[in-house]
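Q:
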Amino acid sequence: MVTDQIFPKFQLYARDFMAKTAAMPEFVAKEFAKAIFKAQLSDEQIKNGVRRFEKMAGDKPFMPNPAEFVDLCREPVDALGYAEAYLEACRNAGFLSDAKWSSPAVYVAGKAVGWFELRNRPERDTLPRFKDAYKIALARLSSGENLAAEMPVAAIEKPRDIFRADLNTPGRLKALALLGRKP
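If you want this note's numbering, it's the 1-based position in the sequence shown plus 240.
1. Under three-state DSSP, which class holds W341?
2. Determine the closest residue to G354 out of D338, K340 and N332, with distance taken between C-alpha atoms.
3. List the endpoints of the continuous alpha helix (DSSP H) containing R364.
4. What is the DSSP secondary structure of R421, counted as helix, strand or coil?
5. In the DSSP assignment, the alpha helix (DSSP H) including A259 goes from what residue to what residue?
6. Within the continuous alpha helix (DSSP H) that includes F335, where are the two ends?
7. Determine the contact status of Y347 and M391, defining contact as a CB-CB distance below 8 angstroms.
8. Would DSSP call M296 helix, strand or coil?
9. With H, G and I counted as helix, E and B as strand and the rest as coil, what does DSSP make of F302?
10. Exposed or buried, which one is D256 when buried takes at least 16 other CB atoms within 10 Å?
11. Quick one: Cα of S282 to Cα of K375, how far?
12. Residues in its own chain within less than 7 angstroms of G289 by CB, not counting five upstream and five downstream?
13. Leaving out five residues before and five after Q285 in sequence, what residues of the same chain have Cβ atoms less than 6 angstroms from its Cβ?
14. What residue range does the alpha helix (DSSP H) around N360 cover?
15. Going by C-alpha distance, which of R380, F335 and A345 is nearest R457?
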């Protein structure tokens, strides 16, 4: 049963787990199972819900009801917070194909805002737009869309060296002569 996966986490992190489940543990488990089945949650969504519960347990260490847990499962996956994702997008805005992206959602959100804007506009202008774009990208990612297909592919060839001998064109030879270099 799916509740066998989530109840140990609730027991570990929720202060009120025993108080809420002691009288009718089977009934509570069935209610959670019904809510999860009715919402047609995937295994990945359930895992995300458990992770979100673990994350929020520091601030709110109480067991969610079945509807709250379903909402936790449906929220978009957020590997980074908005601030961290925004900083990553700004840092990588000038080096798109060479950048190390933590998530395709960060790249897609940065692209939606615009790389020029992220490099040149103040945070007060770009951060709100980035938050909206990042939320949409996370929702797309959570729904199973492959955002990695939108990311740039690194160049296979390295840039050509203009001083290589196999590039002897008349213009290049004249330029080398003016520089005092031999072909």
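Ideal placement from N, C-alpha and C gives every residue a C-beta, glycine not left out. These numbers come from a predicted model, not from an experiment.
A: The relevant details are as follows:
1. coil
2. N332
3. E363 to S382
4. coil
5. F257 to T261
6. No alpha helix (DSSP H) holds F335; DSSP gives it neither H nor E.
7. Taking 8 angstroms as the Cβ cut-off, Y347 and M391 qualify as a contacting pair.
8. helix
9. coil
10. exposed
11. 20 angstroms
12. For G289, where only same-chain residues beyond five positions count, the Cβ hits under 7 angstroms are F309, L312 and C313.
13. C313
14. W355 to N360
15. In the structure as shown, the chain begins at 241 and stops at 423. Residue 457 is therefore absent and cannot be evaluated.
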